[in-house]
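Colleague: Shown below is the structure under consideration.
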Amino acid sequence: MEPDLTATGSAWPLDAPDVVVLPSGRRVRGRGVRTGAPPAGLEPTVSYQCTWVRPAPQPWPVRWVRWPDFGLPLVPVDARAALCEAWERAATERVEVSCGGGNGRTGTALAVMAVIDGVDPADAVAWVREHYRPTAVETLWQRRWVAGAQSTGARGTTSGVPVSGSGTTRQARP
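Heads up, the sequence shown is in our numbering, so the first residue is 1115 and it goes up one at a time.
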């Protein structure tokens, strides 16, 4: 059974901008870092920044996922581990996933998190476009990476995600 996040006050408010409610009830915010700092009172507990350059220091912890614009993560296995961690933390914390504009890399990360949460990989891009932004997941390579993602399963064990366009998989650690 999933925790009641509204009782703890740790979840994102449902009316907060760009908050995605995953099927399990976990809430994750997507954001473009070029839009500036989040409004006062809407700071994340932790941010997973999917960018090519190292993130600027923030008042909250930031985990950097090195990821070029319009591309795939530099180290896909590490990206998968970061997204599994983000999914786990979203059960009790305000988790943010971000990139430059908040569309391609952020949308791709949110789609993979939706797969981890149980959305069918074949439906995840459409799901994130419906629940986050219609422009989420911008490239063919990003769509293929999401399509190759697999859910964590009921007990949270992780399975492979493609490490290249070839469909090769490696085991990711939670």
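Ideal placement from N, C-alpha and C gives every residue a C-beta, glycine not left out.
Taking the alpha helix (DSSP H) that residue 1216 belongs to, which residues open and close that run?
Modeller: In the sequence shown, counting from the first residue as 1, residue 1216 sits at position 102. Note, residue 1216: premise wrong, no alpha helix (DSSP H); not H, not E.
Colleague: Tell me whether residue 1128 sits in a helix, a strand or coil according to DSSP, three-state version.
Modeller: On the sequence shown, position 14 is the one that residue 1128 refers to. Three-state result, residue 1128: coil.
Colleague: Can residue 1178 and residue 1168 be called in contact, C-beta distance under 8 Å?
Modeller: Within the sequence shown, numbered from 1, the residue matching residue 1178 stands at position 64. Within the sequence shown, numbered from 1, the residue matching residue 1168 stands at position 54. Closer than 8 Å, so yes.
Colleague: Alpha helix (DSSP H) containing residue 1194: first to last residue?
Modeller: Counting from 1 along the sequence shown, the entry for residue 1194 is found at position 80. Taken as a continuous stretch (DSSP letters only), the alpha helix (DSSP H) holding residue 1194 covers 1190-1203.
Colleague: Ignore the nearest five residues each way along the sequence and tell me which others in residue 1235's own chain have a CB closer than 6 Å to its CB.
Modeller: Within the sequence shown, residue 1235 is the residue found at index 121, counting from 1. Around residue 1235: 1229, 1261 and 1263.
Colleague: Beta-carbon separation of residue 1252 and residue 1184 under 8 Å?
Modeller: Walking along the sequence shown from the start, residue 1252 turns up at place 138. Walking along the sequence shown from the start, residue 1184 turns up at place 70. Contact flag set, yes.
Colleague: Less than 8 Å between C-beta atoms, sequence neighbours within five positions excluded: which residues of the same chain meet that for residue 1214?
Modeller: What you label residue 1214 is simply residue 100 of the sequence shown in a count that begins at 1. The answer, listed in chain order, is 1146, 1147, 1148, 1165 and 1183.
Colleague: Roughly how many angstroms lie between the CA atoms of residue 1225 and residue 1238, to the nearest whole one?
Modeller: Residue numbering aside, residue 1225 sits at position 111 when the sequence shown is read from its first letter. Residue numbering aside, residue 1238 sits at position 124 when the sequence shown is read from its first letter. Using only the alpha carbons, I get a separation of about 5 Å.
Colleague: Determine the direct distance from the alpha carbon of residue 1142 to that of residue 1125, and round the result to whole angstroms.
Modeller: For the purposes of this step, residue 1125 is identified with residue 11 of the sequence shown, where counting begins at 1. For the purposes of this step, residue 1142 is identified with residue 28 of the sequence shown, where counting begins at 1. Roughly 9 Å separates the two Cα atoms.
Colleague: What separation, rounded to the nearest whole angstrom, lies between the Cα atoms of residue 1153 and residue 1130?
Modeller: Translated into positions along the sequence shown, residue 1153 becomes position 39. Translated into positions along the sequence shown, residue 1130 becomes position 16. Using only the alpha carbons, I get a separation of about 10 Å.
Colleague: Using only alpha-carbon positions, find the residue among 1170, 1171, 1197 and 1158 that is nearest to residue 1208.
Modeller: Counting from 1 along the sequence shown, the entry for residue 1208 is found at position 94. Ranking 1170, 1171, 1197 and 1158 by Cα distance to residue 1208 puts 1158 first.
Colleague: Answer with buried or exposed for residue 1232, where buried requires no fewer than 16 other C-beta atoms within 10 angstroms of its C-beta.
Modeller: Sequence index remark: in the sequence shown, residue 1232 carries index 118 (1-based). So residue 1232 counts as exposed.
Colleague: Is it right to say residue 1220 is buried, meaning 16 or more other beta carbons lie within 10 angstroms of its own, or is it exposed?
Modeller: Numbered from its first residue, the sequence shown carries residue 1220 at position 106. Buried.
Colleague: In the DSSP assignment, what residue or residues form a beta bridge with residue 1210?
Modeller: Along the sequence shown, read from residue 1 onward, the residue named residue 1210 stands at position 96. Bridge partners of residue 1210: 1143 and 1161.
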